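J.: These protein sequence lines are chains A and B, in that order. Just so we're aligned, residue 1296 is where the first sequence starts under the working numbering, counting upward by one. Just so we're aligned, residue 1296 is where the second sequence starts under the working numbering, counting upward by one.
2 protein chains.
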Amino acid sequence: MSTAEETAGGETSAWGEVTPDAARRLLIAAVEAFAERGYHATTTRDIAGRAGMSPAALYIHYKTKEELLHRISRIGHAKALEILQTAARREGTATERLADAVSSFVRWHAGGRTTARVVQYELDSLGPDAREEILALRRQCDAEVRAIIEDGVASGEFDVLDVKGTTLAVMSLCIDVARWFNVDGPWTPDEVGALDADLVLRMVGAK
Amino acid sequence: MSTAEETAGGETSAWGEVTPDAARRLLIAAVEAFAERGYHATTTRDIAGRAGMSPAALYIHYKTKEELLHRISRIGHAKALEILQTAARREGTATERLADAVSSFVRWHAGGRTTARVVQYELDSLGPDAREEILALRRQCDAEVRAIIEDGVASGEFDVLDVKGTTLAVMSLCIDVARWFNVDGPWTPDEVGALDADLVLRMVGAK
DNA sequence: GCCGAAGGTGAGCAACCGCTTAGACGAGGG
DNA sequence: CCCTCGTCTAAGCGGTTGCTCACCTTCGGC
């Protein structure tokens, strides 16, 4: 059930907090469109059309097209942060927690590739204020991973030269999955998660 | 001198093959604009303005705005492939060649971040035919890296579970540098290259 | 001194963009 | 029954987009 999220916009569960129903449909349509063509190449008419509504309906629930991206980014980053926090704060060795963090974070990027793509690559399309708000969430994500690595170094489990640089590399490995992962490809999200978790443990020199 | 490439569009040397001079100036202006705002958010008026020309001048040298992106992508991917081939075909152990490939590839992504960003992230803005042509170059890049890893496995230098997956992870590490690297940040391209080369050698279990 | 080609410009076209407005519709309360 | 509120639509506004066209300049060859 962990890979139950399917194709474009399939993670309906994640958008349960968005109400009313029409607003949620518009938001899911926007996620699909942004992921496929990018924010700037997507028209408000396309979003409304995917949601089965007229172009004007969008502006009843959202003030601008950018507000849609802002909402998507905030919800998506909150979900990403939640995933990393859950892994970081569970009990277990640093090795176990890092493997858990990487595999679940990668699973999210692969399974929910549609959302992850928008969240990770359309940030620059936001205005300065909204952008800064989202960047703060992103820094929290980095901090969660770095904390696990620091724990592992302190306990002697890991052998790391540059904690900050290694943290960035771990994030790179996870985030880039959203760029190349293909639902019709040879791997399942679970397989990529397990593979990348193994590679990350090698990177930090886990025993 | 290996990090002589500066800020936006600084790698003038790489565009030497583009003639006449006005066409090159337009192309460099397009690289800067695409990297800053993305392909779809960039206007032909902006590109022409950066090159110090009128909007109509663009269409003397290029048929469409997409042709500019196509040209940039092809030259950029050719350069990337050349970097990887040089490292893969030099003499030395698989360990040395992999470290060389990763460090020089990462240096290119960090130092020429402007170009690399366009090359790696604006691919989907191309039409189907141009896209397929560029994807072929990208597959060749993957193949060069995979060949080095396979050599290392065959010679017993590396210990790798999944060659294809590990190759993808190595590419992820390199390519994602174009997303996060900041010229004003704490690292030089050389430092990131050395750090990532070390991390990759750990990933493949190099002795 | 004339010519044609190459390179460049100002003005502008048709299409499309994000977004607004005036009004229709159905549901719920009095 | 009517009124109101939330929801949705048809039509369209001002502005911007990629791109074109008629025209001008520069310059090497003869």
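Yeah, the Cβ is synthetic: ideal placement off N, Cα and C, and Gly gets one too. Predicted model only: the values in this text are computed from it and were never measured.
1) What do you get for R1402/A, buried or exposed, if any count of 16 or more other CB atoms within 10 angstroms of its CB means buried?
2) Would you say D1446/A reaches chain B, if we count a Cβ-Cβ gap shorter than 8 Å as a contact?
3) By Cβ distance below 8 Å, which residues in the same chain neighbour V1458/A in space, the five residues on each side in sequence not counted?
4) Can you check whether the CB of H1365/B is closer than 8 Å to the CB of A1425/B?
5) Compare the C-alpha of R1369/B against each of Y1354/B, D1341/B, V1313/B and name the closest.
6) Within the continuous alpha helix (DSSP H) that includes K1374/A, where are the two ends?
7) Roughly how many angstroms separate the alpha carbons of R1340/B and I1323/B, rounded to a whole number?
8) Can you check whether the C-beta of D1491/A is within less than 8 Å of a C-beta belonging to chain B?
9) Rounded to whole angstroms, what's the CA-CA distance from R1497/B to R1384/B? Just pull it up for me.
10) For W1310/A, go through chain B and note every residue whose CB falls closer than 8 Å to its CB, in chain order.
11) Could you tell me the distance, in whole angstroms, from the CA atom of I1342/B to the CA atom of T1359/B?
12) Measure the Cβ-Cβ separation of V1472/A and A1405/A and say whether it is below 8 Å.
13) Could you compute how far the alpha carbon of R1390/A sits from the alpha carbon of E1391/B?
14) Whose C-alpha, out of F1400/B, S1399/B, I1355/B, Q1435/B, is nearest the C-alpha of L1321/B?
15) Using beta carbons (cut-off 8 Å, strictly below), is R1441/A in contact with chain B?
16) Could you work out which residue in A1325/B, G1387/B, F1329/B is closest to G1347/B when comparing CA atoms only?
17) What does the alpha-carbon distance come out to for the pair E1327/A and W1310/A?
18) Have a look at T1302/A and I1367/A and give me their C-alpha separation to the nearest angstrom.
19) Less than 8 Å between C-beta atoms, sequence neighbours within five positions excluded: which residues of the same chain meet that for T1461/A?
20) With distances taken Cα to Cα, identify the nearest neighbour of A1492/A among M1466/A, A1438/A, D1395/A, E1417/A.
21) Can you give me the C-alpha to C-alpha distance between K1502/B and G1451/B, rounded to a whole angstrom?
22) By DSSP, does S1520/A sit in helix, in strand, or in coil?
23) Indicate whether S1399/A and A1382/A have their beta-carbon atoms separated by less than 8 Å.
24) Would you please verify whether the beta carbon of R1426/B is less than 8 Å from any beta carbon of chain A?
T.: Checking against the coordinates, here is how it stands:
1) Under the 10 Å beta carbon count, R1402/A is surrounded by 16 or more other beta carbons and is classified as buried.
2) Output row for D1446/A: interface = no.
3) R1441, I1444, E1445, V1448.
4) Contact: yes.
5) The shortest Cα separation from R1369/B among Y1354/B, D1341/B, V1313/B belongs to V1313/B.
6) Where K1374/A is concerned, the enclosing alpha helix (DSSP H) stretches over 1360-1384.
7) Distance from the CA atom of R1340/B to the CA atom of I1323/B, rounded to whole angstroms, is 14 Å.
8) Closer than 8 Å: yes.
9) Annotation: R1497/B to R1384/B spans about 22 Å, alpha carbon to alpha carbon.
10) Scanning chain B for C-beta atoms nearer than 8 Å to the C-beta of W1310/A yields nothing, as the closest lies near 24 Å away.
11) For I1342/B and T1359/B, the distance between alpha carbons rounds to 12 Å.
12) A contact, by the Cβ cut-off of 8 Å.
13) Arg is not the amino acid found at residue 1390/A; the sequence shown has Thr there. For T1390/A and E1391/B, the gap between their C-alpha atoms comes out near 29 Å.
14) Of the candidates F1400/B, S1399/B, I1355/B, Q1435/B, the one whose C-alpha sits nearest the C-alpha of L1321/B is I1355/B.
15) Not closer than 8 Å to any Cβ of chain B, the Cβ of R1441/A fails to qualify, so no.
16) When each option's Cα is compared against that of G1347/B, the closest is A1325/B.
17) E1327/A and W1310/A have their alpha carbons spaced roughly 13 Å apart.
18) Its pLDDT being 43, under 50, T1302/A is placed unreliably in this model, and the value from its coordinates should be taken loosely. For T1302/A and I1367/A, the distance between alpha carbons rounds to 17 Å.
19) Listed in chain order, the non-local C-beta contacts of T1461/A below 8 Å within the same chain comprise I1444, V1455, M1498, V1499, local neighbours out to five positions each way being set aside.
20) Looking from the CA of A1492/A, the closest CA among M1466/A, A1438/A, D1395/A, E1417/A belongs to D1395/A.
21) When only Cα atoms are considered, K1502/B and G1451/B end up about 9 Å apart.
22) Past the edges of chain A, shown from 1296 to 1502, lies residue 1520/A, and the structure says nothing about it.
23) Yes.
24) By this cut-off, R1426/B is not an interface position.
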